[in-house]
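One structure below.
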Amino acid sequence: MSFALPSRRPLVLALQLAFVAAPMLTPALMPAAQAQAAARSYSIAAGTLSRVLSQFAAEAGVLLSVDAALTEGKQSSGLQGSYGVAQGLERILAGSGLEAVPQNSGGYTLRRLPAGSGKEAALATVAVTANSAGQPGQQPKPYAGGQMARGSRVGLLGDLDMMDTPFATAAYTSQLMQDQAAKSVADVVANDPAVRVYRGYGNYAEAYTVRGLPLYADDLGFNGLYGLLPRQYVAVEMLERVEVFRGANAFLNGMASGNSGMGGSINLVPKRAGELPVTQVTGTLHGDSLFGGHVDIGRRFGPDQSVGVRVNALSRDGEGSIDREKRSLDMLAVGLDFRGDKLRLSADFGYQKSKIRQGRPNVQVAAGVAVPTAPDASRNFAPSWSYSDTEDTFAAVRGEYDLNQDWTAYAAYGVRYNKELGIYATPTVNSSNGNATLSRFEVPHEEDVSTGEAGLRGKFSTGGVSHRVSLSASRTNLVGRNAWAMSWPAQNTNIYNPADLAKPGLVFFGGDLNNPQRTADTRLSSIAVADTLGFLQDKVLLTLGARQQKALVGNYAYGSGVQSSVYDVSVTTPSAGLVVKAADNLSLYANYIEGLLQGGVAPTGTANQGQALAPFRSKQKEVGAKADFGRIAASAALFEVNQLSAATNPGTNVYEVSGEQVNRGLELSLFGEASRNLRLIGGITVMDAKLEQAASAANVGKQAIGVARFLANLSGEYDVPGVPGLAVVGRMVHTGKQYLDTANTQEVPAWTRFDAGVRYGFQAGSQAVVLRANIENLADKNYWASATGGYLTLGAPRTLTLSATVDF
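Under mature numbering (1 follows the signal peptide of the UniProt record, and there is no 0), the residues of the sequence shown are numbered -32 to -1, 1 to 776, in order.
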């Protein structure tokens, strides 16, 4: 297909520029011996002086003390090229009337250039620093290139540097999200070779697989608390980091209320006010006419800058790249924080409202029918009367108090209220020519969630052994209210030539659509303890711990509200992790950790009716290595993780464990600056996902549904020499063939997608401006992106996104 020209209608804010280029990416590793203080390559776009200094301090790992009044109203042309710390500061400050003065601590203080008298003004300083992990209240700093961080939150253990973590993790920064024009979490994790994206069953919810096992949007974390975020879609404009944990994680995070996450978890970190003020406005155009505007404002207050406020507001509305699919989204997020000598407090308040009209659904394929050829990626086979409205209000508070220099107590609490109403219609293809049937399915849904955690972290030594101890208690309560209704008989359509279907009447009902009643009541509680023992001056780190998990789940009949089943279990899940620092820049690691899912209750009519099965316990074993070459980092992991499932045995009529999927794989990843002006994120996953137990013996040994044997990702940015502020970007995503059924008769072809873009930053009067153009699916390939869940998700067509960001 060719691009459709944008409609002649006003942008929400100013934008528009674009041409597109895809760079040739040829990485080369930098020597491990390169010293941290030596010259390094920077690519910092023009902007306010405060923002440029903040990014430089983060990337250089230097402490910079600044009086905010000195930088107010000043602009910088950014920094491009290779510089030492002193030279970089000098270049950034050129023409500003300011200078950076070295301090005995190794940091720098900003001051006005001395007047003729030589008299210097006194400064009330504010620290701008690239934080290292492991210190209370500090977030892991960005790694070289600024696209990823060198550490992340590791559940119970808190924030850890990647080289000290006995697990596989990845943390993507807000800089990457903005430069890649990411709109949702799915757009961010498209960079991760262990993660793939699909859609929820019968709705428009984003869902993910990590190491081949599902993770639902219900189970995303928000600053370490789970169950607080919108169920179907999370706008990333309010986020500072997207942190991916690869692997089972029940010991670290507890059992997920949405009953997923056996192969990994994702934690979203909200934005906070930085040391330097932020006032940024972005206008976007996505696809044909999906216009958006985003405002990001951050300030710190008080004589010691201890109080911070960060506000993000977003509005999008229009038609994207799929015919007749219209979307609107409004989001407001406010982040507050206080930083005292011993006490740190934060609060987040969020609101998000999303509307989708005629959203393109997933596709089911009838048994015995071959997987159809993917239709035109811009085609919409949804009936005109389908839609989805969601509204979420959420809030969270967190506090930390340093009891002394070694011990910190913390507590966090959050709530969410969700309301959804949708009419869905998922076609089932029943012939190779694309003929399909569909029914109207109407579902109102409401959800109340409250969750909290309290704990203690500390350190001490016994002889020559150091200890980092973590204690935690957590609880989550979730009440879900649902109803449903369905039309009958099914209507005929075709995914290649969709019919214009009249809205059918409803025939079957479950509950009151206007007043949905309680259908689920979930209460999860746990206590956990961990001790990381350090030997040989912390060259060897051994983490041991366990979590006692309790789950009480009540299910209630639609309409009547009569309790239909109770799931009440308790289980202890242990874990062990080992890190051996074989060299200053090389860590070897191993871990054993488990995942937990609710085992289910035997349904009415079975021989063991009402029996609660023990929680499904996955057991992960992993070994790996991580190398930090100063400007680029690499990792490798070998893992094995399993997941159980239950069904009713047709011979005995007993509801029992009847399936086991075992995923064994190799992950290779790298990120950072491969050479001057070139930033890379890439990796591969090679995975053997087999059914080692199945209800039908004929399916034992088959490849698991929706799990490809080979995944590969590579994204890069290249600063064009001789043109300050200009960068070209590119990305490749590959997914191997998948199967839609357990018998492996319905094969989904492998696919490869190429994305490309360009970014240009410049000064326009007193404002810094960054223009971006990004194309997803450059070749306009038609492909089935996923078969996870036993249904097909169609990939997006070629889509152009334009944006303009102005710093005030």
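Where a beta carbon is used, it is the ideal one built from N, C-alpha and C, also for glycine.
Under 7 Å between C-beta atoms of residue i and residue j
{"i": "arginine 328", "j": "asparagine 348", "result": "yes"}
{"i": "leucine 406", "j": "glutamine 320", "result": "no"}
{"i": "alanine 615", "j": "leucine 581", "result": "no"}
{"i": "alanine 162", "j": "arginine 179", "result": "yes"}
{"i": "tyrosine 526", "j": "glycine 479", "result": "yes"}
{"i": "glycine 426", "j": "tryptophan 353", "result": "no"}
{"i": "isoleucine 561", "j": "serine 586", "result": "no"}
{"i": "arginine 632", "j": "aspartate 596", "result": "no"}
{"i": "threonine 247", "j": "isoleucine 234", "result": "no"}
{"i": "serine 283", "j": "glycine 303", "result": "no"}
{"i": "serine 643", "j": "threonine 252", "result": "no"}
{"i": "glutamate 624", "j": "glutamine 661", "result": "no"}
{"i": "alanine 14", "j": "glutamine 731", "result": "yes"}
{"i": "tyrosine 218", "j": "leucine 564", "result": "As written in the sequence, residue 218 is alanine, which differs from the tyrosine given in the question. Closer than 7 Å, so yes."}
{"i": "alanine 604", "j": "leucine 638", "result": "no"}
{"i": "leucine 313", "j": "tyrosine 369", "result": "no"}
{"i": "leucine 520", "j": "arginine 486", "result": "no"}
{"i": "glutamine 200", "j": "tyrosine 172", "result": "yes"}
{"i": "glycine 113", "j": "glycine 545", "result": "no"}
{"i": "glutamate 685", "j": "arginine 647", "result": "yes"}
{"i": "valine 210", "j": "leucine 193", "result": "no"}
Contact belief for residue i with residue j at Cβ below 8 Å, rounded distance in angstroms
{"i": "proline 457", "j": "arginine 408", "result": "The pair is not a contact, with the Cβ atoms about 11 Å apart (cut-off 8 Å)."}
{"i": "threonine 703", "j": "arginine 167", "result": "The pair is not a contact, with the Cβ atoms about 15 Å apart (cut-off 8 Å)."}
{"i": "alanine 695", "j": "arginine 727", "result": "5 Å"}
{"i": "valine 331", "j": "valine 397", "result": "6 Å"}
{"i": "residue 777", "j": "phenylalanine 477", "result": "In the structure as shown, the chain begins at -32 and stops at 776. Residue 777 is therefore absent and cannot be evaluated."}
{"i": "glycine 75", "j": "serine 33", "result": "7 Å"}
Coarse secondary structure for residue i, derived from DSSP in three states
{"i": "aspartate 291", "result": "coil"}
{"i": "glutamate 40", "result": "coil"}
{"i": "aspartate 155", "result": "helix"}
{"i": "threonine 620", "result": "coil"}
{"i": "phenylalanine 776", "result": "coil"}
{"i": "asparagine 235", "result": "strand"}
{"i": "glutamine 55", "result": "helix"}
{"i": "valine 204", "result": "helix"}
{"i": "glutamate 243", "result": "coil"}
{"i": "arginine 19", "result": "helix"}
{"i": "alanine 101", "result": "Because alanine 101 carries a pLDDT of 45, less than 50, the predicted location of this residue cannot be relied on, and the following value inherits that uncertainty. If DSSP states are grouped into helix, strand and coil, alanine 101 belongs with coil."}
{"i": "asparagine 667", "result": "helix"}
{"i": "threonine 756", "result": "helix"}
{"i": "leucine 311", "result": "strand"}
{"i": "leucine 124", "result": "helix"}
{"i": "alanine 595", "result": "strand"}
{"i": "leucine 768", "result": "strand"}
{"i": "alanine 218", "result": "helix"}
{"i": "alanine 95", "result": "With a pLDDT of 36 at alanine 95, under the threshold of 50, the predicted position of this residue should be treated as unreliable, and no value is reported."}
{"i": "alanine 422", "result": "strand"}
{"i": "glutamine 373", "result": "coil"}
{"i": "methionine 700", "result": "strand"}
{"i": "alanine 89", "result": "The predicted position of alanine 89 is uncertain, since its pLDDT is 32 and thus under 50; a value taken from the coordinates is nonetheless stated next. Coil, per DSSP."}
Strand pairing of residue i, partner residues [DSSP]
{"i": "asparagine 386", "result": "Asp360 and Glu415"}
{"i": "alanine 62", "result": "DSSP output for alanine 62 lists no bridge partner at all."}
{"i": "threonine 396", "result": "Gln332 and Thr405"}
{"i": "glutamine 731", "result": "Ala736"}
{"i": "tyrosine 751", "result": "The partner list for tyrosine 751 (beta bridge, DSSP) is empty, contrary to what the question assumes."}
{"i": "glycine 276", "result": "Arg268 and Asp305"}
{"i": "alanine 514", "result": "Val497 and Pro542"}
{"i": "threonine 137", "result": "Phe213"}
{"i": "methionine 655", "result": "Gly633"}
{"i": "lysine 323", "result": "Ser296 and Asp357"}
{"i": "serine 434", "result": "Ser429 and Gly502"}
Cβ of residue i within 7 Å of any chain C Cβ
{"i": "arginine 284", "result": "As a matter of chain content, chain C is missing from the structure shown, which is built from one protein chain."}
Exercise for the section: Taking 8 Å as the threshold, find out whether the segment 380 to 389 comes into contact with the segment 337 to 346 through three or more Cβ pairs. Expected result: Flag = no, the segment 380 to 389 and the segment 337 to 346 do not touch.
Practice task
Would you check if the segment 530 to 544 and the segment 570 to 585 touch, i.e. whether three or more CB-CB distances between them fall below 8 Å?
Solution key: A contact exists between the segment 570 to 585 and the segment 530 to 544.
Exercise for the section: Indicate whether the contact test is met: 3 or more Cβ pairs, each with one atom in the segment 132 to 145 and one in the segment 222 to 229, closer than 8 Å. Expected result: Verdict: no, contact absent.
Practice task
Evaluate the contact criterion for the segment 108 to 128 versus the segment 650 to 662: three or more CB pairs, one atom per stretch, below 8 Å.
Solution key: With the cut-off at 8 Å, the segment 108 to 128 and the segment 650 to 662 do not touch.
Problem - the segment 509 to 525 contacting the segment 248 to 259, beta-carbon criterion three pairs below 8 Å - result: Taking 8 Å as the limit for Cβ pairs, the verdict is that the segment 248 to 259 does not touch the segment 509 to 525.
Practice task
Would you check if the segment 35 to 54 and the segment 9 to 18 touch, i.e. whether three or more CB-CB distances between them fall below 8 Å?
Solution key: Yes, the segment 9 to 18 touches the segment 35 to 54.
Problem - the segment 670 to 683 contacting the segment 749 to 761, beta-carbon criterion three pairs below 8 Å - result: Verdict: yes, contact present.
Problem - Inter-stretch contact (C-beta, 8 Å, three-pair minimum) for the segment 742 to 749 and the segment 267 to 279 - result: Contact between the segment 742 to 749 and the segment 267 to 279 is absent, because fewer than three Cβ pairs lie under 8 Å.
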